[in-house]
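These protein sequence lines map, in sequence, to chains U and C.
The letter at position 122 of the first sequence is residue 122 when you use my numbering, and the numbering goes up by one with no holes.
The letter at position 48 of the second sequence is residue 48 when you use my numbering, and the numbering goes up by one with no holes.
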Amino acid sequence: MANKPEHVTKTEQGDPVTFLEAISEALFEEMSRDDRVFLMGEDIGVYGGAFKVTRDFLEHFGENRVIDTPIAEAGFTGAAAGAAHMGMRPVVEVQFMDFISPAYDVITNYLATSLYRGSGPMPVVIRGPVGGGNRGGPFHSQNVEMAFFHTPGLKIVYPSNPYDAKGLLKAAIRDDNPVLFEEHKGLYRSPALRAVLPPEDYLVPLGKAKVTRAGDGLTIVTYGAMVHKSHEAAETLSEQDGFEVEVLDLRTLLPLDDDAIVESVKKTGRLLIVHEDTRTGGIAGEICMRVNEKAFEWLDAPILRVTAIDAPVPYAATLEDFFLPQTSDILTAARYLAKY
Amino acid sequence: MPESEPQSRNEAPEVSRDQRLDMFYAMALARAAEERLEILFRQGHVGGGVYRSLGQEAGSVGAAFALRRRTDGTGDIIAQTVRATGAVFLMGGTPLQFFRQYLARVTGPTQGKEANVHWVDYQTGLVGPVSPLGTMLEVMAGITLAFKLRGEERVGLVFGGDGASSTGAWHEGLVFAASQACPMVLMVEANQWAFSTPTRKNTRVKSFTEKAAGYGLHAESVDGTDVIAVHGTVTRAAARARAGEGAGMVELQYYRRMGHAQHDAQEYVDAAEISEWEKRDPLIQFRHRLWSEGWATGDQLDGMVEEAFDEAQTAAETALGEPGPEGSAALEQVYTDTDIASPWTRMRVPNPQHA
């Protein structure tokens with residue numbers, strides 16, 4: 001077995017890791033811990049993955065555990081289901097999550113229904129890069145969570161920082177349900193997010209949101225890259241308005257952590273939902289409904305949302321910046337709610 | 001060819017008297033169970049569709065009989081279709097499970113969550129399909145990939161009809177299985193119909209084996225009404241897959257003599273065409289052959305048919321007397337570890353706090 005790749009040794013050396021390195025470490029550690037874990041995807045072996053998440057994994061683990069597949073998302077995702085039936089724990093990489101649509105059928109009709117149909121647990125992780133801001137255009141920038149949110153039996157995870165990314169991915173690999181794991185490519189190599197992670201084996205539980213900034217004036221429920229824009233807005237509001245925002249990072253979108261949302265709303269009485277995904281059919285609608293059902297009397301203002309516009313993701317910088325929710329949008333909405 | 005090779009690639013395998021009679025019984029049992037089921041359907045006991053394999057019994061029985069059938073999870077595996085009832089029974093499924101499934105009994109393999117032959121037993125080698133059958137090629141590709149990665153000498157057979165061969169999933173499944181050299185054999189149930197759509201409107205190929213060539217797969221066609229011929233062909237295909245030669249295809253040429261399901265009166269079919277295929281009924285053909293070749297007497301064979309009828313009858317009666325699931329069981333087994341919410345309007349005291 002070849003030596004451990006250098007890019008997965010940072011934590012054991014006490015060095016900070018990027019979001020991407022945290023994901024590589026999670027995969028490497030789980031593959032080392034459990035022989036049943038193996039990887040499939042396009043260009044993940046010899047090339048090391050489009051973003052190099054699995055660089056040098058092929059040399060270390062061999063071609064039976066790092067499998068370069070044809071460009072057949074439905075084929076290899078369905079094959080992952082079959083391997084899982086036989087007791088293996090596949091992790092498949094979708095090169096860009098925009099390309100997951102051919103696998104929609106097998107994910108929704110097969111993987112997510114397996115347990116319910118009596119076909120047994122389905123320990124498959126489908127992971128890959130999502131999100132805009134990198135001038136990737138319509139087919140290298142999408143968020144896909146809401147195409148799958150309406151799928152009972154599936155879990156959807158969308159981390160915002162290296163610590164959570166590593167702990168959530170390790171937990172997803174050990175989960176007996178199918179997990180869609182979205183990695184915002186704008187976070188992959190962000191220097192600001194580099195962090196020293198605990199050297200020990202840790203997990204972040206699926207289905208649990210986390211308060212990443214405490215406050216009493218307004219709750220922002222968000223996830224992924226928007227956690228960071230929400231924090232930016234919260235700092236500005238604190239400095240300029242003396243208004244303290246609580247930020248709740250969902251981390252897992254399905255199942256949705258109602259308790260954490262309701263608890264925060266009961267504390268602040270105001271709710272703003274921020275997501276990078278497009279507006280119509282976005283997760284804000286579902287969150288709003290749940291708060292309506294469970295905490296209506298605690299609201300002092302209408303629930304608002306800041307989202308991308310209802311359009312394909314455009315290429316030009318000016319267009320994409322207009323398309324994406326910006327910190328200034330969050331500030332505007334938060335100030336409106338504060339005065340309501 | 002080395003002497004250690006289990007079967008010659010070109011010659012038919014030896015089939016003993018006992019094996020012939022076992023195949024005959026499996027075919028008779030499939031037909032008896034389906035006929036009994038049809039009566040239950042007319043009586044209003046069956047909720048969903050009832051699908052018959054009339055005319056196709058030899059295909060699934062001959063194929064399953066060619067496999068290593070075990071009960072400890074180390075044998076070969078199949079992904080059946082609704083028209084592979086005989087294979088389901090041969091792989092360890094029972095008529096009692098069959099009736100419990102169709103009648104949606106809580107005692108059934110899926111406790112009423114799924115219908116017909118959509119059930120799983122990984123120990124005996126049954127993978128229940130989902131209705132979009134092309135998907136099962138992808139899944140079987142992965143099952144057999146696991147066999148290959150672990151160095152297990154096991155083979156997976158996946159059944160699918162004319163219609164499935166038009167889906168993207170069918171093709172991606174073959175692309176994957178071919179590229180990874182998975183020990184998978186695709187059984188194309190070429191019964192000439194996809195619901196009401198004839199093969200000529202599904203494809204311009206004369207034989208589905210032409211599609212195999214596009215993936216570099218070995219493929220053979222066989223008369224799907226001749227159980228001995230099917231057994232021989234699938235034995236060869238399985239031996240190839242087991243020997244590491246990768247995925248393959250066997251096309252079963254036969255005819256769906258009834259509608260897609262009981263609700264389909266087959267008005268789009270020329271009655272003369274069905275009559276022609278009735279002359280090639282696989283069960284009657286095989287009975288005649290067993291008798292004329294001296295493998296069994298007419299009385300022995302009739303006794304077996306009667307035995308199959310009784311077995312189906314007993315299983316149906318047992319299942320009829322059993323209960324269905326409680327409605328609230330619909331909440332169970334969505335996730336392995338996460339409860340889903342019950343509708344608040346179903347609670348004793350509706351309380352919006354707990355919606």
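We put the CB at the ideal spot given by N, CA and C, even for glycine.
Any C-beta of chain U within less than 7 Å: which residues of the stretch 138-159 of chain C qualify?
E138, V139, M140, A141, G142, I143, L145, A146, L149
Which partner residues does I235(U) have in the DSSP bridge list?
Looking at the sequence itself, residue 235(U) is Glu, so the reference to Ile does not match. None; E235(U) has no bridge partner.
Whole-angstrom distance between G125(C) and R357(C), CA atom to CA atom
Look at the range of chain C in this structure, 1 to 355, and you will see that residue 357(C) is not part of it.
Can you pull the DSSP bridge partners for Q253(C)?
A190(C), D223(C)
M146(U) (DSSP reduced to helix, strand or coil):
helix
Since K211(C) meets chain U, which of its residues come closer than 8 Å, beta carbon to beta carbon?
Result: empty, since nearest Cβ-Cβ is about 15 Å, beyond 8 Å.
Please list the partners that S342(C) has in chain U, where partner means a Cβ-to-Cβ separation under 7 Å.
Within 7 Å Cβ-Cβ: nothing; S342(C) doesn't reach chain U, min ~13 Å.
If we define contact as Cβ-Cβ less than 9 Å, is N226(U) a contact residue for chain C?
Going by the sequence as given, residue 226(U) is Met instead of Asn. It does not: the Cβ of M226(U) has no partner Cβ on chain C nearer than 9 Å.
Is the CB of Y122(C) under 9 Å away from at least one CB in chain U?
yes
Run through the DSSP bridge pairs and tell me what K210(U) is partnered with.
D249(U)
Spell out the partners DSSP gives D121(C) in its beta bridges.
L126(C)
Residues near F195(C) by beta carbon distance below 6 Å, same chain, minus five either side:
H260
Helix, strand or coil for L103(C) per DSSP?
coil
Taking 9 Å as the CB-CB limit, is V130(C) close to chain U?
yes
Collapsed DSSP secondary structure at D321(U) in the structure displayed
helix
Identify, in the order they occur along the chain, each residue of the same chain with its Cβ nearer than 8 Å to the Cβ of P155(U), setting aside the five sequence neighbours on each side.
What sits at residue 155(U) in the sequence shown is Lys, not Pro. Around K155(U): A172, D175, N177, P178, V179, L180, L206, G207, T252, L254, P255.
So, do the stretch 3-11 of chain U and the stretch 53-69 of chain U have three or more beta carbon pairs nearer to each other than 8 Å?
yes
Keeping to the same chain, check which residues put their C-beta closer than 6 Å to that of M88(U); ignore five residues upstream and five downstream.
R36
Pair within 9 Å by beta-carbon distance, A316(C) and F99(C):
yes
Over the uninterrupted beta strand (DSSP E) stretch that includes M86(U), give me the two end residues.
Here M86(U) belongs to no beta strand (DSSP E), and DSSP marks it neither H nor E.
Does the stretch 249-269 of chain C come close enough to the stretch 180-196 of chain C that 3 or more CB-CB pairs lie under 8 Å?
yes
Simplified DSSP assignment, three categories, for G197(U)
For the sequence presented, residue 197(U) should be read as Leu rather than Gly. It is coil, neither helix nor strand.
Just reading off the beta strand (DSSP E) that D310(C) is part of, what are its end residues?
Looking at the DSSP string, D310(C) is not in any beta strand (DSSP E); the run it does join, the alpha helix (DSSP H), is 298-320.
In this structure, does DSSP put P282(C) in helix, strand or coil?
helix
Are any of the Cβ atoms in chain U nearer than 9 Å to that of Q300(C)?
no
Can you name the residues of chain U whose CB is closer than 8 Å to the CB of Y335(C)?
L115, G153, K155, N177, P255
Any beta carbon from chain U within less than 9 Å of T362(C)'s own beta carbon?
With chain C running from 1 to 355 in the structure shown, residue 362(C) is simply not present.
Of the choices S238(U), Y340(U), S160(U), V265(U), whose alpha-carbon is the least far from that of K204(U)?
As written in the sequence, residue 204(U) is Val, which differs from the Lys given in the question. For the residues S238(U), Y340(U), S160(U), V265(U), the minimum Cα distance to V204(U) belongs to S160(U).
Please state whether the Cβ-Cβ distance between Y163(U) and L197(U) is less than 9 Å.
yes
H85(U) at chain C interface by Cβ criterion, 9 Å:
yes
Could you check where the beta strand (DSSP E) with F41(C) kicks off and where it finishes?
Where F41(C) is concerned, there is no enclosing beta strand (DSSP E), although the alpha helix (DSSP H) it sits in stretches over 17-42.
Member of L324(U), A301(U), G242(U), D201(U) whose CA lies at the smallest distance from the CA of P312(U):
L324(U)
Flag this pair as yes or no: are the beta carbons of A344(U) and I220(U) separated by less than 9 Å?
With chain U covering only 1 through 340, there is no way to say anything about residue 344(U).
Simplified DSSP state of V139(C), which is helix, strand or coil
helix
Evaluate R42(C) with the Cβ neighbour count: other Cβ atoms within 10 Å of its Cβ, from every protein chain shown; 16 or more gives buried, anything less gives exposed.
exposed
What residues match up with T307(U) in a beta bridge as DSSP calls it?
H275(U)
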